[in-house]
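In terms of full-length UniProt numbering, the sequence shown opens at residue 1 and continues consecutively. Beta carbons are placed, not taken as given, at the ideal position from N, Cα and C, and that holds for glycine.
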Amino acid sequence: MDQMVALYIVPTPIGNFGDISARAIEVLQQVDLIACEDTRHSGRLLSHFGIETRKTALHDHNERDRAQWIVEQLNEGKSIALISDAGTPLISDPGYHLVNHVRQAGHRVVPLPGACAAITALSASGLPSDRFSFEGFLPSKEKARIDKLEFLKEDPRTLIFYESPHRILYSLAAIVEVLGEDRQIVMAREVTKTFETFLSGTAAEVLALVEADDNQQKGEMVIMCHGFTLTDEEGIPAVAVATLKLLCEELPLKKAAAIAGQIHGLKKNALYKYGLELDL
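So this is what it looks like as structure tokens:
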């Protein structure tokens with residue numbers, strides 16, 4: 001391992017301990033300190049691999065306060081690893097404020113590649129993976145949840161959400177209500193674990209499957225929604241119209257339509273025709 005003082009961002013398995021990398025084990029063995037989201041939870045993983053490195057807690061409630069202390073440890077020449085309960089730190093997990101603080105203090109931040117539930121689930125979903133948007137957890141309050149989905153309704157990218165057992169039915173119902181019952185979605189549950197399942201179909205079909213099976217309401221879920229697509233019955237998305245108009249201020253309509261189509265995943269001919277109708 002590089003012996004230079006640094007904060008190492010170390011992904012850990014999202015379920016199967018066999019998914020940890022040899023480099024991650026090496027780093028965790030050789031650093032002076034491991035900052036854990038939950039020291040007891042991470043203790044099981046570290047014990048499994050015989051890693052006895054000193055641990056300290058760093059979570060949502062103490063991250064801002066602990067960040068300066070960790071910088072002080074780095075100032076003293078110590079190397080530190082950051083891990084979350086599972087997956088890659090900072091991806092819907094603590095670490096943003098710490099990394100920002102460490103970089104501002106002039107110390108190196110070294111990322112290691114590794115497990116991430118969103119990417120792992122997407123790779124097996126059968127949904128478009130060339131363009132996607134990771135949105136983390138939907139808001140817990142109904143109005144905010146609906147507003148968030150309304151904002152994303154016409155996004156052409158595959159949308160990825162994390163969800164928890166006690167909110168899964170509410171989130172799926174909101175997706176049906178806002179994105180439409182026919183929107184194609186995939187729900188991945190307990191990815192890499194013993195009871196891994198993938199449910200795919202329309203939003204209404206997946207909601208019905210989860211409602212009918214209590215087991216599908218347990219564990220950790222990744223919900224993936226097909227992006228908005230233009231059909232003959234639907235108009236051009238408002239966000240695409242705004243892009244087209246903006247581009248037409250500097251470019252010919254044909255070129256603007258091609259660029260707007262590439263940005264929003266729409267057919268350039270449809271945008272060109274629409275632009276002619278608007279006399280752009």
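For secondary structure counted as the alpha helix (DSSP H) over 4 or more consecutive residues, the stretch 111-163 holds these complete runs in sequence order: 117-123 and 142-152. Contiguous beta strand (DSSP E) elements confined to the stretch 70-95 occur at 80-83, taking only those with 3 or more residues. With fewer than 16 neighbouring CB atoms inside 10 Å of its own CB, His166 falls in the exposed class. In this structure, the beta-carbon distance from Gly114 to Val10 falls below 9 Å. CA-CA distance, Ile80 to Ala117, rounds to 24 Å. In this structure, the CA atom of Gln73 is about 42 Å from the CA atom of Ser171.
The beta carbon of Lys245 sits closer than 7 Å to the beta carbons of Leu280 from its chain, once the five residues preceding and following it are set aside; these are given in chain order. Partner residues in the beta bridge of Arg189, as assigned by DSSP, are Thr197 and Met221. As computed with DSSP, Lys55 is found in a beta bridge with Ile34. With contacts defined as CB atoms closer than 9 Å, Asp32 and Arg54 qualify as a contacting pair. Here DSSP, grouped into helix, strand and coil, assigns Val109 to strand.
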